[in-house]
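J.: Protein chains in written order, with our numbering: chain A, 2 to 496; chain B, 768 to 993.
I am attaching a structure below and will ask some questions about it afterwards.
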Amino acid sequence: MLLIALLLIPVATAVASYFARRRVEMERANLAGFSLVFIVAIALAGQVLASGALSLAKGFFYADALSALVILLTALVALLCATYSIGYLRDDQQSGELGDEEAEQLAQLRMIYTLTPLFVFSMMFVAVANNLGVMWAAIEATTLVSVFMVTFYGKVTSLEAAWKYAIIGGVGLSMALFGTLVAYYAGHGLAGSDALAGLNWSVLAQHAELLDKTSMRLAFVLILMGYGTKAGLAPMHTWKPDAYSEAPVPSAAILSSAMLNCALYGLIRFYILTSRCLGTEYPSRLLLLFGLLSMGISVPFILVQKNLRRLLAYSTIDHGGIMVTALGVGGALGSFGLMLHMTYHTLAKPLIFFCAGSVRQYYKTDLFDEIEGGVLRAMPLTGAVFFIAMLAIVGMPPFSLFQSEFIIVRAALDGGHLLAVALFVFFATGVFAGVVLHVVRMILGRGDERPVAPRRPWRDGSIVALAAALVVIGFWIPAPLLELTHRAAQVVSGR
Amino acid sequence: MLMRPFLDLQLGERIITLMAALVLVLQIAVVAQRWIITHIRIFAIQSFFLAAIAATIAWFNHAPHIYAAALLTLIVKVILVPIFLERLVVRMEIREEIKPIINVPLSVVIAGGLTLLGYVVAESFYHPDQPGLGHNELAVAISLFLIGFFTMINRRKALTQVLALLSLENGLFLAAISLTYGMPLIVELGILFDVLVAAMVLGILVYRIRETFESMDVSRLRRLRG
Numbered sequence: 002m003l004l005i006a007l008l009l010i011p012v013a014t015a016v017a018s019y020f021a022r023r024r025v026e027m028e029r030a031n032l033a034g035f036s037l038v039f040i041v042a043i044a045l046a047g048q049v050l051a052s053g054a055l056s057l058a059k060g061f062f063y064a065d066a067l068s069a070l071v072i073l074l075t076a077l078v079a080l081l082c083a084t085y086s087i088g089y090l091r092d093d094q095q096s097g098e099l100g101d102e103e104a105e106q107l108a109q110l111r112m113i114y115t116l117t118p119l120f121v122f123s124m125m126f127v128a129v130a131n132n133l134g135v136m137w138a139a140i141e142a143t144t145l146v147s148v149f150m151v152t153f154y155g156k157v158t159s160l161e162a163a164w165k166y167a168i169i170g171g172v173g174l175s176m177a178l179f180g181t182l183v184a185y186y187a188g189h190g191l192a193g194s195d196a197l198a199g200l201n202w203s204v205l206a207q208h209a210e211l212l213d214k215t216s217m218r219l220a221f222v223l224i225l226m227g228y229g230t231k232a233g234l235a236p237m238h239t240w241k242p243d244a245y246s247e248a249p250v251p252s253a254a255i256l257s258s259a260m261l262n263c264a265l266y267g268l269i270r271f272y273i274l275t276s277r278c279l280g281t282e283y284p285s286r287l288l289l290l291f292g293l294l295s296m297g298i299s300v301p302f303i304l305v306q307k308n309l310r311r312l313l314a315y316s317t318i319d320h321g322g323i324m325v326t327a328l329g330v331g332g333a334l335g336s337f338g339l340m341l342h343m344t345y346h347t348l349a350k351p352l353i354f355f356c357a358g359s360v361r362q363y364y365k366t367d368l369f370d371e372i373e374g375g376v377l378r379a380m381p382l383t384g385a386v387f388f389i390a391m392l393a394i395v396g397m398p399p400f401s402l403f404q405s406e407f408i409i410v411r412a413a414l415d416g417g418h419l420l421a422v423a424l425f426v427f428f429a430t431g432v433f434a435g436v437v438l439h440v441v442r443m444i445l446g447r448g449d450e451r452p453v454a455p456r457r458p459w460r461d462g463s464i465v466a467l468a469a470a471l472v473v474i475g476f477w478i479p480a481p482l483l484e485l486t487h488r489a490a491q492v493v494s495g496r
Numbered sequence: 768m769l770m771r772p773f774l775d776l777q778l779g780e781r782i783i784t785l786m787a788a789l790v791l792v793l794q795i796a797v798v799a800q801r802w803i804i805t806h807i808r809i810f811a812i813q814s815f816f817l818a819a820i821a822a823t824i825a826w827f828n829h830a831p832h833i834y835a836a837a838l839l840t841l842i843v844k845v846i847l848v849p850i851f852l853e854r855l856v857v858r859m860e861i862r863e864e865i866k867p868i869i870n871v872p873l874s875v876v877i878a879g880g881l882t883l884l885g886y887v888v889a890e891s892f893y894h895p896d897q898p899g900l901g902h903n904e905l906a907v908a909i910s911l912f913l914i915g916f917f918t919m920i921n922r923r924k925a926l927t928q929v930l931a932l933l934s935l936e937n938g939l940f941l942a943a944i945s946l947t948y949g950m951p952l953i954v955e956l957g958i959l960f961d962v963l964v965a966a967m968v969l970g971i972l973v974y975r976i977r978e979t980f981e982s983m984d985v986s987r988l989r990r991l992r993g
């Protein structure tokens, strides 16, 4: 029931927004829909904690602790973005970013308020699909739905960004499909070729030792390249800064947190199969390579970055790299660090995007040189929260991301990955230096004498709520949530 | 019963190998030709042969679920997608021909080399005791995939890149059929739905790029850096 509700509510929201006549109706539909989705996600997490993995329709839908965690995080981001969007898009409409005529503006709003629920629907589908082929189709659907979010403002650069996003994503996903196919071949004969269960993850995971080993090697490489492209791992990351800096800020926030989780989720499912079939050494080496490469590549781009939102995109590439490194470190502790990091990052990244969005709308630019500085004076609340979010995102103690990164480093030390630890710390320091350099100058530096920004209830409200959650969770994580991350880590490590 | 089942299967395999060879020839023809409209038609014919291969397998192996996959391929990739793309071409009034980066004769040689590579890769997959077709089909499938990649890099026209992406998917379809007699039907359905939507999304994007830049040359998309 819960699983069906999880999929039906976003679709109903999309339909309602599509047929809504006025802006306020679309806003209400989205807000109500995502609140419901969030409640259902909490209920689902509760049920998974109480009675273990759920399965529905002869195993077509399947949700264990890992799915429940990803669903919960997606639902949270969707709700927060729906709240923030209201203020953000109203501002855009007033300042003429959506066109001059009212019919045109309404069409734009209808598009974004319809696409967002569909986007959430496809991400939920990724998390509850048991069949790996269906999961692939859902991940591809997330790309197709979000292409028109990137072209939202219809600028020359947005078309370029959307083109890169669609084509690089398409090529990546065709590799992932090839990988899925090879995995199907590896498990061929376990459940009969034309049986629906032939690609069901729960079935394959039970018989992972019996899968054909040569095929699984190839399958994992293809999947890593494929879903790695979707997650924006280096060197397939080039679409990311473009897409994030062209999409409207609420959409970029979803792309950089919830969709990153979904792509990693697909990778993790295959990692579990591969590590049970071939042992952890083979996938670990590849994951560490790509994870550390992504962290490393983001450092120089962050250091010389001129554009605020592109800086945040490279920070997401860095965090994607951290999570993949954690998966490569593996074991009980490494997997736990991964799940914690995913949770914390999903809180911190939308927050910093929201702050950047508010700054962008007030200053009308994303460039550091044009903002100059003085954000704290002109926008006291946003500036202060921005500072906190920045410290969290670079992994400063006492904030939560420091804890998860610390756990990952400890797990890597325990596992004897000394070189990986050295590189990890080196790259993390580089990112720290780069982000702090730019953001501190922007927030505290001397800027022009512009008046203090007016109050913005919708945007400031979501920023404050999320900031409070981020700070609190650093010191006190609710017991059920901690239990859920533990269980999700157990799914990954098998222990 | 005129023929024993054994011969029956062999005949089927021969027909399939013949059609797979035609699919490969068409893919190399794509590399050699220069008009977008021809490219779309070649894609349609290639997809038609794939559907025919699927139907042949269904017939000789008595596997009715593959008929459904064949029929879906026929509807989506032979009829809907090509019609949509041709309309797009007519609406955009494209007359210019495709300018490849590498000239045509050299491209064909490279495509030949990639086919050879496909055969080498397919060889490592071949287990005589495993079910599935011979390694000819898999080799063709991998070659389609590689040549598709090459076309994507070699041609800078947006619509050509879309077609190259679609031909990657054709390669995957052939690989699925030759390795495992196709994916489960529900997966096939999901994939084809995505192909259809992807063709439309990319088509709209191409149209808007064309309107904005008055060209489909994607090498002009180079404002976003760093």
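A virtual CB, placed ideally from N, CA and C, is assigned to each residue, including glycine.
Could you have a look at residue 948 of chain B and say whether DSSP puts it in helix, strand or coil?
T.: As a working note, residue 948 of chain B is residue 181 in the second sequence. Reduced to three states, the DSSP call for residue 948 of chain B is coil.
J.: Counting Cβ pairs, one atom from each stretch, are 3 or more of them under 8 Å apart for the segment 856 to 875 of chain B and the segment 911 to 927 of chain B?
T.: Output reads yes: the segment 911 to 927 of chain B touches the segment 856 to 875 of chain B.
J.: Ends of the alpha helix (DSSP H) at residue 401 of chain A?
T.: To locate residue 401 of chain A, count along the first sequence from 1; it is residue 400. Element bounds for residue 401 of chain A: 401 to 415.
J.: Could you list which residues in chain B have their beta carbon closer than 7 Å to that of residue 141 of chain A, in chain order?
T.: On the first sequence, residue 141 of chain A is found 140 positions in, with the first residue counted as 1. Result: 961.
J.: With DSSP as the reference, please indicate the residues paired to residue 63 of chain A in a beta bridge.
T.: On the first sequence, position 62 is the one that residue 63 of chain A refers to. Residue 63 of chain A is bridged to A:56.
J.: Is residue 244 of chain A closer than 9 Å to residue 360 of chain A when the C-beta atoms are compared?
T.: By 1-based counting over the first sequence, the position of residue 360 of chain A is 359. By 1-based counting over the first sequence, the position of residue 244 of chain A is 243. No. Outside cutoff.
J.: Ordered along the chain, which non-local residues of its own chain (more than five positions away) have a Cβ less than 6 Å from that of residue 63 of chain A?
T.: Start at 1 with the first residue of the first sequence, and residue 63 of chain A comes out as number 62. These residues qualify, in order along the chain: 56, 131, 203.
J.: Give the straight-line distance between the Cα atoms of residue 810 of chain B and residue 851 of chain B, rounded to the nearest whole angstrom.
T.: Sequence index remark: in the second sequence, residue 810 of chain B carries index 43 (1-based). Sequence index remark: in the second sequence, residue 851 of chain B carries index 84 (1-based). Looking at the two C-alpha atoms, the distance is approximately 13 Å.
J.: Mind reading off the beta-carbon distance from residue 144 of chain A to residue 124 of chain A? Whole number of angstroms is fine, and I expect it under 8 Å.
T.: As a first step, residue 144 of chain A must be located in the first sequence, where it is residue number 143. As a first step, residue 124 of chain A must be located in the first sequence, where it is residue number 123. Their Cβ separation, rounded to whole angstroms, is 11 Å, which puts residue 144 of chain A and residue 124 of chain A out of contact at 8 Å.
J.: Excluding sequence positions up to five away, which residues of its chain have a Cβ less than 8 Å from the Cβ of residue 333 of chain A?
T.: Working through the first sequence from its first residue, we reach residue 333 of chain A at position 332. Once the five neighbours on either side are set aside, the close Cβ partners of residue 333 of chain A are 490, 491, 494, 496.
J.: Using a C-beta cutoff of 9 Å, does residue 867 of chain B count as contacting chain A?
T.: Mapped onto the second sequence, residue 867 of chain B falls at position 100. Not one chain A Cβ lies under 9 Å of residue 867 of chain B.
J.: Check whether the segment 328 to 345 of chain A touches the segment 430 to 446 of chain A, counting contact only when three or more Cβ pairs, one atom from each stretch, lie closer than 8 Å.
T.: no
J.: Within 10 angstroms of its Cβ, does residue 2 of chain A collect 16 or more other Cβ (buried), or is it exposed?
T.: Here residue 2 of chain A refers to the residue found at position 1 of the first sequence. Residue 2 of chain A is exposed by the Cβ-count criterion.
J.: Does residue 783 of chain B come out as helix, strand or coil in the three-state DSSP assignment?
T.: Counting from 1 along the second sequence, the entry for residue 783 of chain B is found at position 16. In the structure shown, residue 783 of chain B adopts helical secondary structure according to DSSP, grouped into three states.
J.: Return the chain-ordered list of same chain residues with a C-beta closer than 6 Å to the C-beta of residue 82 of chain A, the five sequence neighbours on each side being excluded.
T.: As a position in the first sequence, residue 82 of chain A is number 81, starting the count at 1. The residues are 251, 254, 255.
J.: So with CB distances below 9 Å, who are the chain A contacts of residue 975 of chain B?
T.: On the second sequence, position 208 is the one that residue 975 of chain B refers to. 152, 155, 160, 163, listed in chain order.
J.: Applying a beta-carbon distance threshold of less than 8 Å, which residues of chain A neighbour residue 972 of chain B?
T.: The sequence position of residue 972 of chain B within the second sequence is 205, counting from 1. The answer, in chain order, is 148, 152, 160, 163, 164, 167.
J.: Which residues, taken in chain order from the segment 108 to 141 of chain A, show a beta carbon closer than 7 Å to some beta carbon of chain B?
T.: 132, 134, 135, 138, 141
J.: Could you check the C-alpha separation between residue 889 of chain B and residue 186 of chain A for me, to the nearest Å?
T.: In the second sequence, the residue the question calls residue 889 of chain B occupies position 122. In the first sequence, the residue the question calls residue 186 of chain A occupies position 185. C-alpha separation (whole angstroms): 13 Å.
J.: Could you check how far apart the C-beta atoms of residue 18 of chain A and residue 111 of chain A are, in whole angstroms? I think they sit under 8 Å.
T.: As a first step, residue 18 of chain A is located in the first sequence; it is residue number 17 there, counting from the start. As a first step, residue 111 of chain A is located in the first sequence; it is residue number 110 there, counting from the start. Correct: roughly 7 Å between the Cβ atoms.
J.: Just the C-alpha distance for residue 906 of chain B and residue 784 of chain B, rounded to the nearest angstrom, thanks.
T.: Locating residue 906 of chain B in the second sequence gives position 139, where the first residue counts as 1. Locating residue 784 of chain B in the second sequence gives position 17, where the first residue counts as 1. About 11 Å.
J.: Going along chain B, which residues have a C-beta under 8 Å from residue 179 of chain A?
T.: Numbered from its first residue, the first sequence carries residue 179 of chain A at position 178. What residue 179 of chain A touches in chain B: 912, 939, 942.
J.: Taking DSSP as the reference, what is the three-state secondary structure of residue 801 of chain B?
T.: Here residue 801 of chain B corresponds to residue number 34 of the second sequence, with the count starting at 1. Here residue 801 of chain B sits in coil by DSSP.
J.: Please decide whether residue 927 of chain B counts as near chain A, where near means a Cβ-Cβ distance under 9 Å.
T.: As a position in the second sequence, residue 927 of chain B is number 160, starting the count at 1. Not one chain A Cβ lies under 9 Å of residue 927 of chain B.
J.: Run down chain B in chain order and give the residues with a C-beta less than 8 Å from the C-beta of residue 89 of chain A.
T.: Along the first sequence, read from residue 1 onward, the residue named residue 89 of chain A stands at position 88. Under the 8 Å cutoff, chain B gives no residues; its nearest Cβ is about 22 Å from residue 89 of chain A.
J.: Check the DSSP bridge columns for residue 1003 of chain B and list the partner residues they point to.
T.: Here chain B covers residues 768 to 993 and nothing more, so residue 1003 of chain B does not appear.
J.: Going straight from the alpha carbon of residue 984 of chain B to that of residue 140 of chain A, what length do you get?
T.: Position 217 of the second sequence, counted from the first residue, corresponds to residue 984 of chain B. Position 139 of the first sequence, counted from the first residue, corresponds to residue 140 of chain A. Approximately 28 Å, taken between the alpha carbons.
J.: Flag residue 256 of chain A as yes if its beta-carbon sits less than 9 Å from any beta-carbon of chain B, otherwise no.
T.: Here residue 256 of chain A corresponds to residue number 255 of the first sequence, with the count starting at 1. So no, residue 256 of chain A is outside the interface.
J.: When you check each C-beta in the segment 266 to 285 of chain A against every C-beta of chain B, which residues fall closer than 9 Å?
T.: Sequence-ordered contacts of the segment 266 to 285 of chain A with chain B are nonexistent [C-beta pairs closer than 9 Å].
J.: Go ahead and label residue 320 of chain A buried or exposed: buried means 16 or more other beta carbons lie within 10 angstroms of its beta carbon, across all protein chains shown.
T.: Sequence index remark: in the first sequence, residue 320 of chain A carries index 319 (1-based). By the neighbour-count rule (16 or more Cβ atoms within 10 Å), residue 320 of chain A is buried.
J.: What did DSSP end up calling residue 368 of chain A once you bin it into helix, strand or coil?
T.: In the first sequence, counting from the first residue as 1, residue 368 of chain A sits at position 367. Reduced to three states, the DSSP call for residue 368 of chain A is strand.
J.: Just to confirm, is the Cβ distance from residue 475 of chain A to residue 400 of chain A under 9 Å?
T.: Taking the first residue of the first sequence as 1, we reach residue 475 of chain A at position 474. Taking the first residue of the first sequence as 1, we reach residue 400 of chain A at position 399. Yes, the pair counts as a contact, with Cβ atoms nearer than the cut-off.
J.: Is residue 458 of chain A close to chain B, meaning its C-beta is less than 9 Å from at least one C-beta of that chain?
T.: The sequence position of residue 458 of chain A within the first sequence is 457, counting from 1. It does not; no Cβ of chain B falls within 9 Å.
J.: Ends of the alpha helix (DSSP H) at residue 243 of chain A?
T.: Taking the first sequence and counting its residues from 1, the one referred to as residue 243 of chain A is at position 242. 240 to 247 is the extent of the alpha helix (DSSP H) around residue 243 of chain A.
J.: Just how far apart, CA to CA, sit residue 941 of chain B and residue 817 of chain B?
T.: Position 174 of the second sequence, counted from the start, is the residue given in the question as residue 941 of chain B. Position 50 of the second sequence, counted from the start, is the residue given in the question as residue 817 of chain B. Rounded to the nearest angstrom, the two C-alpha atoms are 7 Å apart.
J.: Take the Cβ of residue 164 of chain A as the centre, count every other Cβ of all protein chains shown within 10 Å, and call the residue buried at 16 or more, exposed below.
T.: Stepping through the first sequence from its first residue, residue 164 of chain A is reached at position 163. Buried, by the Cβ-count rule.
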